[in-house]
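Here the protein sequences come in this chain order: E and P.
If you use the working numbering, the first sequence corresponds to residues 883 to 1052, in order.
If you use the working numbering, the second sequence corresponds to residues 10 to 442, in order.
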Amino acid sequence: MLDSDEARDSFTAWVAARRDPLLRSTYLLTGDRQRAEDLLQEALVKVARRWGKLRDTNPDAYIRKVIYHDSISWWRSRREVPVAEVRDLVQQAGGAPEHAMLVQQALARLTAKQRAVVVLRYVEDLTEVEAAAALGVSVGTVKSQTAAALRRLREQAPELMELTGEGDTR
Amino acid sequence: MNHDQLRTLLQRSVGDLRADPAVGERAWRTAVQQDRRQRFAIVAGAAAGVALVTALIANPPTLDRSVPPATQTAVSTAPETASTPATTPSPSEPDPETLTERLRRINQPPWDNVDVDQLPMLDTRLPPSLDPRNQTASALSEDPVEAALAVVQMPGRVLDIRVLGDDRRWRQLDTPGLEPSFSDGSVVSLVGGSPISPDGRQLALPQPGGLAVVDLTSGLSRRFDIPANDVPPWVGRATHWSPDGTQIMTGPATFYTSLRPRHGWLIDVSSGDVQPVPYDATQAAFTPDGTVVELRNWDCGLCQVWRYQGDRLTERVTLDVELYVVAPAVRDVMAVSRAVRGWSGSKGVEDQDGILVVDPESGELLAELPMRAFHWAENAKLFGWLDDETLVFSVHQQRVLVAWNYQSGELSRLTDPATMPNFSLALAVPQLR
């Protein structure tokens, strides 16, 4: 299967269509450009090895599961939070530096699962049912984690409210 | 903040971030290589199986059922440079009293670390506060230290490094020539791992293309280059000194090792020799006798300790614990931290997070400190062993240092909760007593 030029071409065409949004989601999950690229590359290798079965089904769903599962494994494995990086990291993110830094600092206050739910729901625009399937949890868990994440962001990241303009009206 | 506002904020923050256009081709090539390796391994394994069966038919073994199964595994094959299996000692029969004590320790009740400020203070050489802000700091070159107790990288300022001397006064590192080390634009934390030598007199800092070692008693530095072809730009997040202070283990801090060589480097501080080694420095630690143990997790739930002498893998021990343990701190016993919660979504795992102590020789679980409020961003960083029984670790993003006596179960704290956010801390644990 992996020796077929046709399979390689269809895989690379799929990657070309999906790589940028996948990298953006992965970056928001990890908070680190290098990690995000590593994670994406690793997930793409896993998809490539199963391309014969995945190409006619739903490779998006599969790679999403891989990325979200592996990103949380990475958070667990992390020895420390290299906090000194945040300011410099955001220069690589492509967004406005101050804005991106505040968002990353806010996301860092969420649990791994809350962060995953937020990215799935608000960056990838998945429904609660789709997000639950991607994470392998119940819809109820997605709802509760979403609510908990929003609550935590409101309580612990008031600077986000400033960005939305709500802070000015208080 | 409503859902639409959050969506807008998140999407704006990543702007027009784009992936490398070659990422698909690269992934395909890697998949092809992995596929070929797997097919080769299957063929080789089948051939080995046939050879084994043939040998057994020719020379049937005599079974001795008096020998108990051991959890320890001598290495028969090893990756890359590994060779020379070690002998496998037979596990001794535990006496009933020891077993009872161990069970009691393993069953230590969960600790809710939000109550950390309620813990009694343990008397060490550290001051109660490790916050250098508002503290006078002289230049290290003008006022060097006899030995350092701690090093702090100030929040948001990569090259602002403060050194706490054993006189409890702060100095600012002013060694000329130091540069921030970058990982594709991200700045590598300079005080990750265990960068202070055991005698507190030297500090290893990652530098572009290598490592700098600052003599804290003079402020002068030496540079150790790592061969250019081998240096990922993020080298040096994991840095450990050997117990005798003659060697430094360092390596890239990447979890996704299948895409890159799984190795680090061993630097001989006296000769300047830099030797590649086959283990992952982020998951490895020196033992008191100078050997290296590396923690390995597999997706199948297996957790093993691999032991190395130099660059040779000498034995593998399967641990009696589940997946998700990281960051070993080794003395005669090994401590690891574990964070299961946050992903599985299943109930009943709350008390599985925390710190475990295992016997690296047998793989046996000796003690466990379950921790509630064990959040990934506040993951306990293990700094090392204060003595044979007492482990030093931090909670709340390194803001509080805690000591746990795994024999008695007693908890105490070394510092008051810090108010300074987002700093990086390294300790010279052997100097704290």
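For glycine and all other residues, C-beta sits at the position ideal for the given N, C-alpha and C.
Between the options, which lies nearest to residue i when the distance is taken from Cα to Cα?
i	options	result
glutamine 14 (chain P)	E:Glu1012, E:Ala1014, E:Val1011, E:Arg1003	E:Arg1003
arginine 381 (chain P)	P:Ala389, P:Gln284, P:Leu374	P:Ala389
methionine 1043 (chain E)	E:Gly934, E:Val985, E:Lys1025, E:Arg937	E:Val985
alanine 247 (chain P)	P:Thr428, P:Pro236, P:Leu214	P:Leu214
lysine 995 (chain E)	E:Thr1009, E:Ala982, E:His981, E:Ala1016	E:Ala1016
alanine 412 (chain P)	P:Arg325, P:Leu395, P:Thr39, P:Pro207	P:Leu395
valine 409 (chain P)	P:Leu149, P:Gln43, P:Gln20, P:Asp140	P:Asp140
proline 119 (chain P)	P:Asp368, P:Thr424, P:Ile364	P:Ile364
serine 230 (chain P)	P:Val278, P:Met258, P:Trp274	P:Val278
glycine 299 (chain P)	P:Pro207, P:Gly228, P:Val366	P:Pro207
proline 369 (chain P)	P:Arg316, P:Met130, P:Val23, P:Arg347	P:Arg316
leucine 149 (chain P)	P:Leu26, P:Asp169, P:Thr291	P:Asp169
aspartate 938 (chain E)	E:Ala988, E:Thr1028, E:Phe893	E:Phe893
aspartate 132 (chain P)	P:Met429, P:Ser433, P:Trp274, P:Thr424	P:Thr424
Going by DSSP, what residue range makes up the alpha helix (DSSP H) through residue i?
i	result
phenylalanine 893 (chain E)	887–912
alanine 427 (chain P)	Unbroken run through alanine 427 (chain P): none, as it is neither H nor E.
aspartate 18 (chain P)	Just to set this straight, residue 18 (chain P) is leucine in the shown sequence, not aspartate. 12–23 is the extent of the alpha helix (DSSP H) around leucine 18 (chain P).
glycine 1022 (chain E)	1021–1038
glutamine 996 (chain E)	994–1004
glutamate 1010 (chain E)	1010–1017
Check the Cβ-Cβ distances between residue i and every residue of chain P, and say whether any is below 8 angstroms.
i	result
alanine 1030 (chain E)	no
threonine 1009 (chain E)	no
valine 999 (chain E)	no
tyrosine 944 (chain E)	no
threonine 894 (chain E)	yes
alanine 898 (chain E)	yes
glutamine 1038 (chain E)	no
alanine 930 (chain E)	yes
leucine 1002 (chain E)	no
arginine 906 (chain E)	yes
alanine 837 (chain E)	Because chain E in this structure spans residues 883 to 1052, residue 837 (chain E) falls outside the shown range and cannot be described.
One question on the structure: do residue i and residue j come within less than 8 angstroms of each other, judged by their Cβ atoms?
i	j	result
glutamine 117 (chain P)	glutamate 373 (chain P)	no
serine 138 (chain P)	alanine 435 (chain P)	no
aspartate 183 (chain P)	leucine 158 (chain P)	no
isoleucine 276 (chain P)	alanine 437 (chain P)	no
aspartate 234 (chain P)	glycine 254 (chain P)	no
valine 326 (chain P)	proline 337 (chain P)	no
valine 161 (chain P)	arginine 180 (chain P)	no
glutamine 923 (chain E)	alanine 36 (chain P)	yes
leucine 1035 (chain E)	methionine 10 (chain P)	yes
leucine 884 (chain E)	alanine 40 (chain P)	yes
valine 404 (chain P)	phenylalanine 392 (chain P)	no
aspartate 341 (chain P)	valine 286 (chain P)	no
serine 421 (chain P)	proline 129 (chain P)	yes
valine 283 (chain P)	leucine 225 (chain P)	no
Excluding the 5 residues flanking residue i on each side, which residues of the same chain have their C-beta closer than 6 angstroms to its C-beta?
i	result
alanine 943 (chain E)	none
serine 203 (chain P)	His249
alanine 156 (chain P)	Asp175, Gly209, Arg210, Gln440
threonine 90 (chain P)	Reliability fails at threonine 90 (chain P), whose pLDDT of 33 lies under 50, so the model's placement of it is uncertain and the value that follows must be treated cautiously. Excluding positions up to five away in sequence, the list reads Pro287, Asp320.
Identify the continuous beta strand (DSSP E) that holds residue i and give its terminal residues.
i	result
arginine 932 (chain E)	Neither: arginine 932 (chain E) is in no beta strand (DSSP E) and is coded neither H nor E.
valine 342 (chain P)	Per DSSP, valine 342 (chain P) belongs to no beta strand (DSSP E) and is neither H nor E.
threonine 327 (chain P)	321–327
threonine 399 (chain P)	399–404
glycine 219 (chain P)	219–224
arginine 180 (chain P)	179–181
alanine 156 (chain P)	That residue, alanine 156 (chain P), is in no beta strand (DSSP E); it is neither H nor E in DSSP.
proline 189 (chain P)	Unbroken run through proline 189 (chain P): none, as it is neither H nor E.
tyrosine 317 (chain P)	312–318
glutamine 284 (chain P)	283–286
arginine 27 (chain P)	From DSSP, arginine 27 (chain P) is part of no beta strand (DSSP E); its letter is neither H nor E.
In chain order, what residues of the same chain lie with their CB nearer than 8 angstroms to the CB of residue i, ignoring the 5 residues before and after it?
i	result
leucine 911 (chain E)	Ala918, Leu921, Ile949, Tyr950, Ser953, Arg997, Ala998, Val1001
arginine 906 (chain E)	Val1005
If we define contact as Cβ-Cβ less than 8 angstroms, is residue i a contact residue for chain E?
i	result
leucine 128 (chain P)	no
threonine 39 (chain P)	yes
serine 203 (chain P)	no
valine 223 (chain P)	no
histidine 12 (chain P)	yes
valine 286 (chain P)	no
leucine 158 (chain P)	no
glutamine 43 (chain P)	yes
For residue i, I'd like the list of residues in its chain whose CB is within less than 7 angstroms of its CB, leaving aside the five on either flank, ordered along the chain.
i	result
threonine 296 (chain P)	Val302, Val339
valine 1021 (chain E)	Glu1010, Val1011, Ala1014
glutamine 1038 (chain E)	Arg991
Against chain C, with Cβ distances strictly below 8 angstroms, would residue i count as a contact?
i	result
leucine 19 (chain P)	Among the protein chains in the structure shown, which are E and P, there is no chain C.
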